[in-house]
Structures are given as structure tokens and as C-alpha cells.
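Residue numbers (the numbering used here), protein chains in the order written: chain A, 1 to 162; chain B, 163 to 324.
We treat Cβ as the ideally placed atom computed from N, Cα and C, and that holds for glycine.
Given the structure is predicted, the values throughout are model-derived calculations rather than measurements.
Reading through the C-alpha cells given below for one structure.
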DNA sequence: GCATATAACTTCAATTATTGAAGTAACCAG
DNA sequence: CTGGTTACTTCAATAATTGAAGTTATATGC
């Protein structure tokens, strides 16, 4: 039967996962943000089957994460680029990479990439900061609070761990 | 045919996605980190079909993200908890939530939750910081650099955007 | 004693999705 | 006119997901 949709769940994580699509999608997005843009390059880099790649790219276009750009006429050829919405997913990939490196998810033992400061080469990681001031806040000092669109169920769950 | 495995790709993102499993897994992890732990609660909260939930939980246990804990004998009943490895995925979910809220992925218009500082109630977001000092660094000042385990292909790609 | 309830699943057949292999379309180069 | 490039599509086989219903072991109410 048809895979269930998350839509209607009133959850931004569920919505995000729905827009992204599946496990291949974040790899496609990873490659696009690394500078790849052509169908065949994406295929070679990810190893994704041709039919699946075509389907994923279509989905990502509909979701507004990727756009198709004609880069030559005769013969007509299109490439794929991240939209601003797609670029904005970078934190998801950084978080996945950090976690994957920390727990050796690739099984290879050594990280293949690392994020560093352009100016001094020092390693960078994701952390919670005050949205206004940019000051770092340790995770223990953070709390998830019900927002304007919270359901009663969500509200009850969040109150439990105040 | 059998869905392709990412293993062997030498990429921590691919590895992480493989360990996590699929789109349901992050919702399960979201609920576990919110305090749910019982099979039926997870089912009710996510709407995931029973058979699929059982399969996902098994996979997450094998991946070391979730553990099964007996909480009563007679009748024997187990609940599910995040391991430290599982808890450590929090940044992925925070990043997904931020993105989902920013682009209204749920289609609801209003965020259901928000991360705030316990001490002053101010909103928190994920940002890049110096791993050693905790000082925030703007994204434009960051660079992805080849790590010790990088393949030649990766190295070439990264050099292109120096 | 017996029906009902609870919790955590399992089983099943039907339906979709994914896959690898092969093929297509539109051109260009020699 | 043969071969190469790029971006796919088509196909049949296989695998995964689904909703509905059933299972197991026990407790609870009457």
C-alpha cells in the first residue's frame, strides 16, 4: 500500500522529512552543496539507480529544494541546483556529519571532511546560541517550549519535563 | 530488489542515514527524546503502522541508537529508550525543526515548539562555533576541508571551492 | 468464573516502491 | 556512419510497506 504521509501531523520535523523525501535525498543535497550539479555526476557520486535519481530529483523540485536549470540548448541539457530553501538545509547535513563522525557511522574510522574556520583553520561544530546575541548556551540550559501552534498533546508532553 | 546500502561509501552522512534507517526513525527518536517510551504511545503519536514500528525499533536497537528496557515482569513488558548515541542525534532533529519552521514544512503556519534558554526564555538556534572556544563563527567564514579519511574524489571536489 | 481490558506485538495478503539492466533521444566529433 | 555524451525512460523482478485482524500473557471488574 501507499507509504503513509506525514502531512497533517503538525510537526515541523515530520514536514521537513516529507519535503526531503527519503534517505537518498540528503545525499543528493550533500553533493549539490559540494558543487555537483549534473545528473550523471550525481549518479556516479551516490551510486543511486537512474530511475530512483530521476524520481528523487522530481520530488525535490516539487518541494522547492532543488531547481532545474538549462545550461545548454542543442542538445537541451539541464542541471540541478539547490534553491535558497535547499541551501538552508545545510545544518541538517552538518549535524548528520558530526554525529556520523563521532560514532563512526561510515565504519571507516576517519572523518572524510571537517568544518573549519577559513580565517584560522580551527575546527567548527554546531552549538546552541542565543538567536539574538549569538552567545553560546550549553544544551542543559535549553528547553523545548510549546509554540503558538502546539497541540494539547504536545503541550502536555512538554510540561512533563519542565 | 533489495534497497541499496550506503555502507562502503566512506561518508559519515551516508553512514548516519544508514544507521538511522528511514523517515520514520527520526520521528521515533523525536518522541523518545520528548519522553515517550512505550510501543503503543509511539504508535499513537506517530501514526506509524504496528509492523513498521516493530521493524524500525529493531533496526534502531541493532544500530545502538535505542535500547529495550524491561519495566515490569508479569506480564513481561519492555519500553524503549535512547542510548547516549541516540541522544546525541539531537542536533539533527533541532536542525530539521528549525528548517521546517522556517519554511513552514508542516503547512500549519505556526511552529509547535521552540527552543529557549531556561534561564531567560530567549530563543535559541543552532550555529557554527569554534569547537574549542565556543565562539560563534558566521557560516560564510566556514569551509569544508578534506579530513584524514578523504578519498581523492572528495579531495578534488573540496579543492574546487577553496 | 468469566468477560473485558491492556500492552506489545505478529501474521497476512494487497499494494507500492526500488532495483539493475537495457533502451531511447538528441546531438557532436572524427 | 560509427562511436561518444548526457539525461533520462521502460521493464520485469524483487523487496518493503500497509491496514486489518489475530496473538499472548496477564490484570481487573462484577
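What would DSSP say about residue 165 of chain B, mapped onto helix, strand or coil?
coil
For the stretch 281-294 of chain B and the stretch 153-162 of chain A, state whether three or more C-beta atom pairs, one from each stretch, are separated by less than 8 angstroms.
No: fewer than three Cβ pairs fall under 8 angstroms.
Status (buried if at least 16 other CB within 10 Å, exposed otherwise) for residue 192 of chain B
buried
Taking the alpha-carbon positions, what's the residue 39 of chain A to residue 86 of chain A distance?
17 angstroms
Given that a residue counts as buried once 16 or more other Cβ atoms are within 10 Å of its Cβ, and exposed if not, what is residue 101 of chain A?
With 16 or more other CB atoms across the displayed protein chains lying within 10 angstroms of its CB, residue 101 of chain A is buried.
Residues of chain A with a CB under 8 angstroms from the CB of residue 254 of chain B: which are they?
92, 95, 96, 99
With the cut-off set at 8 angstroms, would you say residue 269 of chain B and residue 15 of chain A are in Cβ contact?
yes
For residue 263 of chain B, which three-state DSSP category applies?
helix
Look up residue 288 of chain B in the DSSP assignment and say whether it is helix, strand or coil.
strand
Buried/exposed call for residue 302 of chain B, threshold 16 Cβ in 10 Å:
exposed
At least three beta-carbon pairs within less than 8 angstroms, the stretch 58-65 of chain A to the stretch 20-28 of chain A
yes
Quick check: is the beta carbon of residue 268 of chain B nearer than 8 angstroms to any beta carbon in chain A?
With 8 angstroms as the cut-off, residue 268 of chain B counts as an interface residue toward chain A.
What residue range does the alpha helix (DSSP H) around residue 62 of chain A cover?
50-62
From A:144, A:35, A:72, residue whose alpha carbon lies closest to that of residue 276 of chain B:
A:144
Report the three-state DSSP secondary structure of residue 174 of chain B (helix, strand or coil).
helix
Under 8 angstroms Cβ-Cβ, which residues of chain B neighbour residue 51 of chain A?
Per Cβ cutoff of 8 angstroms: no residues; residue 51 of chain A is ~12 angstroms from chain B at best.
How is residue 206 of chain B classed by DSSP in three states: helix, strand or coil?
helix
Alpha carbon to alpha carbon, how far is residue 97 of chain A from residue 254 of chain B?
9 angstroms
Would you tell me roughly how many angstroms separate the C-alpha atoms of residue 44 of chain A and residue 89 of chain A, rounded to the nearest one?
23 angstroms
Indicate whether residue 298 of chain B and residue 109 of chain A have their beta-carbon atoms separated by less than 8 angstroms.
no
Beta carbon of residue 229 of chain B nearer than 8 angstroms to that of residue 243 of chain B
yes
Would you report the Cα separation of residue 6 of chain A and residue 288 of chain B, rounded to the nearest angstrom?
Distance between residue 6 of chain A and residue 288 of chain B, taken at the CA atoms: about 24 angstroms.
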